[in-house]
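Below: one structure, written as structure tokens.
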DNA sequence: GTGGTCTAGACCACA
DNA sequence: GTGGTCTAGACCACG
């Protein structure tokens, strides 16, 4: 997982989003255990409190749950849940972009062109 | 201009973005004067200092300039500047959306479908 | 005289400085009359109050004096006065530049090089 | 850092310039943390908001960056950035001085003499 | 009237 | 503890 400590997006959210995406993409499956607080904290080089906050966020969403003394696990509905949420995130970002372009006087074709450029850039990666 | 005081986006940025879009869309033209600090503050129901910070942001970007005792004016290159910036904002949002979808395991068609939905929703407004 | 309404330097100071330099350079001589408020205001396209403030500034410095009903005149010591002041202004600007360069870790040769560049640029005009 | 509250240069700019020079001179190095808002505010005897505005200025220039909850840090390109900017500041001041002298009828030798005096005065400090 | 700076003090998010 | 935002209200410079 890539963490950018200079980003204005809080680190705990970057971590939570990274895990959400990993679950949605099937990298972690329902029932499977997640990296422990300390392991993940070492991995991404942040304070364990920060990782804790990320896991709290995910638990509140019902994406993961903890079993005392056993660790953290992906919930049964975790993957569907994460996918649904990812789709909403994408939709929200697109809505914002479309709205911003529209407000600035761009027409539908202008906006579509920008989207195509964005898709092409991604495919070339 | 619509301001959402509960948004996580700072009010001063919401105001700055609103003006930027207005300039990009030609609502305010180069050389024209903008609403005074106090007038806009009353209009959007915030403290004049907050409006000033928004105008400050725009002045630093070269979108507007101030003449003490006279008021605030749209810079000559203001419209081009704002359009350019709006385009970049749209592109950044789309890039983020595409990236988020991709990370969550959505394929290009999934992502395109979400974009289409977003465009359709906008057109229906 | 060139006035830049977008400059952060107040217009009345730009006008006062312009006249000071003109007197120092001998464009206006002691005993000679200066353009009237209204004429100068029309010339540089500003409010007569602003020109008045510039003339006030100059009168306080003893560079010019007014004769009621007759107009404004350059004082006897005006040219020497203005030259002395110009020299001080130049010295102050150079002192600031030298100080700024020094504080930023530039050595004497670095600073001299910048000065030479500045002189060369002026000569080429 | 020396702050002159009676100067016409706003306090926040005096602070920003002081930090810029310190970075250019290598007193603070890339990656290193800067004094916290509150500490610096106590140090220079001004309101923390004023210090924040200074840091804001520097962050917008890319000289420093902030990490909420952690502190303020010198950017990787901070030193080069600051040096470049310092050079421009020196050049601007010299240009202004040369221009002022020229407008007042001083010739190149007069102007050079003032510069030499300025350099000598600095060396004697 | 205009914009610009500064203070005091509040509250929030983050680590 | 850190930085970030906002308000209220003061005072100044300018035109």
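Chains as they are written, first to last, in the numbering used here: chain A, 2 to 126; chain B, 2 to 126; chain C, 2 to 126; chain D, 2 to 126.
Cβ coordinates follow ideal geometry from the N, Cα and C atoms, glycine included.
Around residue 116(D), the beta-carbon contacts reaching into chain C at under 8 Å are 95 and 116. When the alpha-carbon of residue 89(A) is set against those of 92(B), 105(B), 15(B) and 81(B), the nearest one is in 105(B).
At a cut-off of 9 Å between beta carbons, residue 6(A) contacts chain D.
In the pairwise beta carbon analysis, the segment 25 to 38 of chain D is classified as touching the segment 51 to 67 of chain D: at least three pairs are separated by under 8 Å. Close to residue 2(A), with beta-carbon spacing below 7 Å, lies no residue of chain B; the smallest spacing is near 10 Å. Among the residues facing chain B, residue 49(C) is not included, as its CB has no counterpart in that chain under 9 Å away.
Following the DSSP letters along the chain, one finds residue 68(C) in no alpha helix (DSSP H) but inside the beta strand (DSSP E) bounded by residues 65 to 68.
Between residue 64(B) and residue 76(B), the C-beta gap is smaller than 9 Å, which places the two residues in contact. For residue 103(D), the closest of 7(C), 19(C) and 10(C) by C-alpha to C-alpha distance is 19(C). Between residue 94(D) and residue 94(C) a beta carbon distance of about 5 Å is seen, short of the 8 Å cut, so the two are scored as contacting. Straight-line spacing of the CA atoms in residue 121(A) and residue 47(D) works out to 51 Å. The beta carbon of residue 91(D) sits closer than 9 Å to some beta carbon of chain C.
By the CB criterion at 9 Å, residue 92(D) and residue 98(C) fall inside the cutoff.
DSSP lists 34(C) and 66(C) as the beta-bridge partner residues of residue 74(C). In this structure, DSSP gives residue 10(B) a state outside helix and strand, which the three-state scheme calls coil. Residue-level contact by beta carbon fails for residue 61(B) and chain C, as no gap is shorter than 9 Å. Linking residue 45(A) to residue 4(A) through their CA atoms gives a straight-line distance of about 7 Å. Not a single CB atom of chain D sits nearer than 9 Å to the CB of residue 43(C). A Cβ of chain C is located within less than 9 Å of the beta carbon of residue 66(B).
Residue 108(D) holds the alpha-carbon nearest to the alpha-carbon of residue 123(C) among 114(D), 30(D) and 108(D).
When secondary structure is reduced to three states using DSSP, residue 112(B) falls in the helix class. Taking C-beta separations shorter than 8 Å and ignoring five residues to either side along the sequence, the partners of residue 87(D) in its chain run 21, 22 and 25, following chain order. Chain order gives the chain D residues near residue 102(C) as 87 and 91, where near means a beta carbon separation below 7 Å. Residue 4(C) sits in coil when the DSSP states are folded into three classes, being neither helix nor strand. When the alpha-carbon of residue 119(A) is set against those of 101(B), 82(B) and 125(B), the nearest one is in 101(B). Within the same chain, and ignoring the five residues on either side of residue 51(A) in sequence, the residues whose Cβ sits closer than 8 Å to its Cβ are 12, 13, 16 and 42. Rounded to the nearest whole angstrom, the C-alpha separation of residue 72(B) and residue 6(C) is 12 Å. Nearest CB-CB separation between residue 20(B) and chain A: not below the 9 Å threshold. Against chain A, the beta carbon of residue 112(B) has neighbours under 8 Å at 91 and 120, listed in chain order. A residue is called buried once 16 or more other Cβ atoms fall within 10 Å of its Cβ, and residue 115(D) is buried on that count. Contact with chain A is found for residue 84(B), since one of that chain's Cβ atoms lies less than 9 Å from the residue's Cβ.
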